[in-house]
């Protein structure tokens, strides 16, 4: 239970950071500038590193999908794939 709470708190922090980045991107696009800010690039770089290291793949998949502005269908496909991989790993560990 405690582990789940910590995971949700961590996800909440990451999503708040993402919301901040998105708000900055919206403000930038109003001025016609569509280049990622250095902090946004660094944030994405760190997220991708953690994802590639296998840490919290489902949570980070959501964050990556949001940062890269995948549509709902793409995001759902990614999340289904992550869930499938998690279940496959869980089943293989049981045997």
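In this note's numbering, the protein residues as written are 17 to 111.
From the three backbone atoms N, C-alpha and C, an ideal C-beta is built for every residue, glycine too.
Residue i beta carbon near the ligand ZN (any heavy atom closer than 6 Å)
| i | result |
| --- | --- |
| residue 100 | Ligands in the displayed structure: none, and consequently the ligand ZN is not present. |
Alpha carbon of residue i to alpha carbon of residue j, nearest angstrom
| i | j | result |
| --- | --- | --- |
| residue 23 | residue 78 | 14 Å |
| residue 74 | residue 53 | 25 Å |
| residue 71 | residue 62 | 12 Å |
| residue 87 | residue 108 | 32 Å |
| residue 36 | residue 20 | 24 Å |
C-beta atoms of residue i and residue j nearer than 7 Å
| i | j | result |
| --- | --- | --- |
| residue 94 | residue 82 | no |
| residue 67 | residue 60 | no |
Burial state of residue i (16 or more Cβ within 10 Å)
| i | result |
| --- | --- |
| residue 57 | exposed |
| residue 49 | With a pLDDT of 46 at residue 49, under the threshold of 50, the predicted position of this residue should be treated as unreliable, though the coordinate-derived value follows. Classification of residue 49: exposed, given that the 10 Å Cβ count is below 16. |
| residue 30 | buried |
_Secondary structure, alpha helix (DSSP H): runs of 4+ residues fully inside the region 46-99_ = Entirely contained in the region 46-99, the alpha helix (DSSP H) runs reaching 4 residues are, in chain order, 54-68 and 73-83.
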